[in-house]
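Protein chains in written order, with the numbering used here: chain A, 1 to 261; chain B, 262 to 579.
Glycine included, every Cβ here is placed at the ideal spot set by N, Cα and C.
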Amino acid sequence: MTALRLAGTFLRIGILNELQYRVNLVFSLVQSAIAVGTSLAVLALVFGNTDSLRGWSAGELLVVMGVHVLVGGLIRSVIQPNMQQLMEDIQRGTLDFVLTKPADGQLLVSVRRVQIWQAVDILVGAALVVVAVVRLPATPGVLDVLAFAAALALGAVSIYCFWLLLTTLAFWVTRLDPLVELFEGMYQAGRWPVSVYPGWLRIGFTVLVPLAFAVTVPASALTGRSTGWLLLGSVAFTVALATVTRLAWRHALRRYSGASA
Amino acid sequence: MDIEVDGLRKTFRVPRREAGLRASLRSLVRRTTTEVVAVDAVSFSVEPGEVVGFLGPNGAGKTTTLKMLSGLLFPGSGTVRVLGHVPSRREHDFLRRITLVMGNRNQLQWDLPALDSYEMNRAIYRIPAPDFRRVRDELVELLDLGDQVRKPVRQLSLGERMKAEIVGALLHSPQVLFLDEPTIGLDVTMQKRIRAFLAEYNSRHGATVLLTSHYMADVQALCKRVVVIDAGRILYDGSLRTLSARYSQRQTITATVADRAGLAGLGELVSVDGDRVTLRVDKERSAAVVAALLGHGVTDLTIEDPPVEDVIEQVFAS
């Protein structure tokens, strides 16, 4: 409860401040338009040659794309800014100020920053999903929508954990920027359902970079694919990843304070 | 006792390699490390409300000690207790009662006005709204910050930023203040301002302060007691006055004399400016020198201990 209130206060302050910089909205809109435009063009190109891609129709792939844009917006507005700041804090030694605060360190480093204009992508993604779903031959039922929401929430947590794990490496490695770029490149692969990729890549996108759980599983729920087991898998995976992340964070802090040396 | 430190020791392992390509390649395969002792057998204690200056050259172990006291570093061996807590456990009850200010690092969010960072601290420390407003306004007024707290921190000058930092660090009315070089890089006026504030804050709230600084003026103005540390070991722990007495064997005598003949034989002649002469003499001889000077037609005479800087230099040299 206190954690939620703390997160709420931080996000509110961050948002209020960001609202001053309206130019950023224009940038975000342009960025979003280019990204969506490119994706649509690629989609059109692919479906100019075929009617289905490994069992996914054009309309269904549009759902995947929408979820991909939505989750991308979430990453860029909340997750990435905080992780970037954490990286800087580790390098500059200002993490000391976080660690001398009477609050959970992991919580603090995860809610300090928000780039609200990047959240435009969350809206654009959601709109894409709605448009795509309405045009599907079979409209999803209430249960499907609930499954979608649950899968999306779990996927978001997985992606957050993955990022934090990646950032935790900054305690050992000084320059992480290449890793961040690598992740962004890999995230682009999530605009297609993971099932279109060959086996080894599919496993990588599922377990290593949780693209499957963040994008494909939620999209599956809306496109009439059986999601019961997938959802269970997503719960198990998210819980496991969150646990590993928590342990890694603790371990990193112990190292930071010279306890494990 | 607010702070109790006993037999504190901390070592770091640092990678070591020789210069040159071959050595670099070899260190890729086998890394050799050396153990560096940052703090060694440090013991001291601080009473509630005391202001203690922590002195020492760069790399003496001041910051390492401060970090162990504030729970950021695990002690290698020895015990630390601050307000009855073991700092390295970082219990929230402990963290709520201390604060850490580092002159060369910022805790306020760069792009936000300080006021917003204060609001964040209020949420973290769960300070009740009326208390928060009262303490914040008092601090902002004492430090003469005015509307500066409404500007994004990045637009503030170094001095204003430091003042804003201090406000942020004191909002939760901590009992123990760890100040690591709080005046570093500031101009003399700003240093004075912050010094005056710290003195005022200490007398108003009776907070315990452990301060490290390179500026002797900070220490002279604020601390009755100093702990001098060098190469991880405590060289001196006691009052600033005793420190001068113990480590400076010389005094400076300045006199206005009518007859300047034969003065050089009395001591080291530092300067002669018209009829004003300055002599440096061994302490035990100063009475004799003054007596001798009286025979030269003295009209004005002062005896001074050397500046603290020189004393500290003496301490490190010995």
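Closer than 8 Å to chain B by CB, residue i
| i | result |
| --- | --- |
| residue 261(A) | Residue confidence is low: residue 261(A) scores 41 on pLDDT, short of 50, so the model does not pin down where it sits. Its coordinate-derived value is still stated next. Output row for residue 261(A): interface = yes. |
| residue 110(A) | no |
| residue 103(A) | yes |
| residue 50(A) | no |
| residue 209(A) | no |
| residue 17(A) | yes |
Neighbour flag for residue i against chain A, beta carbons, 8 Å
| i | result |
| --- | --- |
| residue 335(B) | yes |
| residue 282(B) | no |
| residue 451(B) | no |
| residue 434(B) | no |
| residue 331(B) | yes |
| residue 541(B) | no |
| residue 356(B) | yes |
| residue 349(B) | yes |
| residue 315(B) | no |
Closest by C-alpha distance to residue i, when choosing among the options
| i | options | result |
| --- | --- | --- |
| residue 255(A) | 231(A), 170(A) and 63(A) | 170(A) |
| residue 233(A) | 155(A), 168(A) and 7(A) | 155(A) |
| residue 104(A) | 336(B), 357(B) and 292(B) | 357(B) |
| residue 217(A) | 107(A), 230(A), 209(A) and 142(A) | 230(A) |
| residue 3(A) | 363(B), 385(B) and 573(B) | 385(B) |
| residue 67(A) | 180(A), 123(A) and 116(A) | 123(A) |
| residue 524(B) | 554(B), 267(B) and 369(B) | 554(B) |
| residue 550(B) | 529(B), 534(B) and 405(B) | 529(B) |
| residue 521(B) | 507(B), 506(B) and 537(B) | 537(B) |
| residue 458(B) | 447(B), 379(B) and 402(B) | 402(B) |
| residue 19(A) | 306(B), 327(B), 309(B) and 372(B) | 372(B) |
| residue 117(A) | 27(A), 252(A), 240(A) and 212(A) | 27(A) |
| residue 567(B) | 312(B), 367(B), 488(B) and 505(B) | 505(B) |
| residue 131(A) | 63(A), 211(A) and 7(A) | 63(A) |
| residue 547(B) | 416(B), 513(B) and 575(B) | 513(B) |
Contact check, residue i vs residue j, beta carbons under 8 Å
| i | j | result |
| --- | --- | --- |
| residue 14(A) | residue 113(A) | yes |
| residue 375(B) | residue 410(B) | yes |
| residue 435(B) | residue 482(B) | no |
| residue 344(B) | residue 430(B) | no |
| residue 273(B) | residue 302(B) | no |
| residue 69(A) | residue 136(A) | no |
| residue 269(B) | residue 304(B) | yes |
| residue 515(B) | residue 560(B) | no |
| residue 558(B) | residue 533(B) | no |
| residue 206(A) | residue 194(A) | yes |
| residue 296(B) | residue 262(B) | no |
| residue 333(B) | residue 100(A) | yes |
| residue 377(B) | residue 17(A) | yes |
| residue 437(B) | residue 359(B) | yes |
| residue 426(B) | residue 368(B) | yes |
Interface partners of residue i on chain A, CB under 8 Å
| i | result |
| --- | --- |
| residue 385(B) | 6, 101, 102, 103 and 108 |
| residue 361(B) | 96, 97 and 100 |
Assumed close pair residue i, residue j - CB separation to whole angstroms, cut-off 8 Å
| i | j | result |
| --- | --- | --- |
| residue 543(B) | residue 494(B) | Not confirmed; about 28 Å, so no contact. |
| residue 120(A) | residue 222(A) | Actually they are not in contact, since the Cβ atoms of residue 120(A) and residue 222(A) sit about 22 Å apart, beyond 8 Å. |
| residue 315(B) | residue 323(B) | 5 Å |
| residue 484(B) | residue 496(B) | The pair is not a contact, with the Cβ atoms about 16 Å apart (cut-off 8 Å). |
| residue 151(A) | residue 224(A) | About 14 Å separates the two Cβ atoms, so there is no contact after all. |
| residue 179(A) | residue 166(A) | 6 Å |
| residue 159(A) | residue 71(A) | 7 Å |
Cross-chain neighbours of residue i in chain A, by beta carbon under 7 Å
| i | result |
| --- | --- |
| residue 353(B) | 102 |
| residue 364(B) | Going along chain A, no residue has its Cβ under 7 Å from residue 364(B), so there is no contact; the nearest lies around 13 Å. |
Closer than 8 Å at the beta carbon, the chain B residues around residue i
| i | result |
| --- | --- |
| residue 13(A) | 373, 377, 380 and 381 |
| residue 92(A) | 366 |
| residue 167(A) | Chain B residues near residue 167(A): none, gap ~18 Å exceeds 8 Å. |
| residue 10(A) | 381 and 384 |
Under 7 Å by beta carbon: chain B residues contacting residue i
| i | result |
| --- | --- |
| residue 57(A) | By Cβ distance, chain B contributes nothing, its closest Cβ being about 45 Å from residue 57(A), past 7 Å. |
| residue 258(A) | 334 and 335 |
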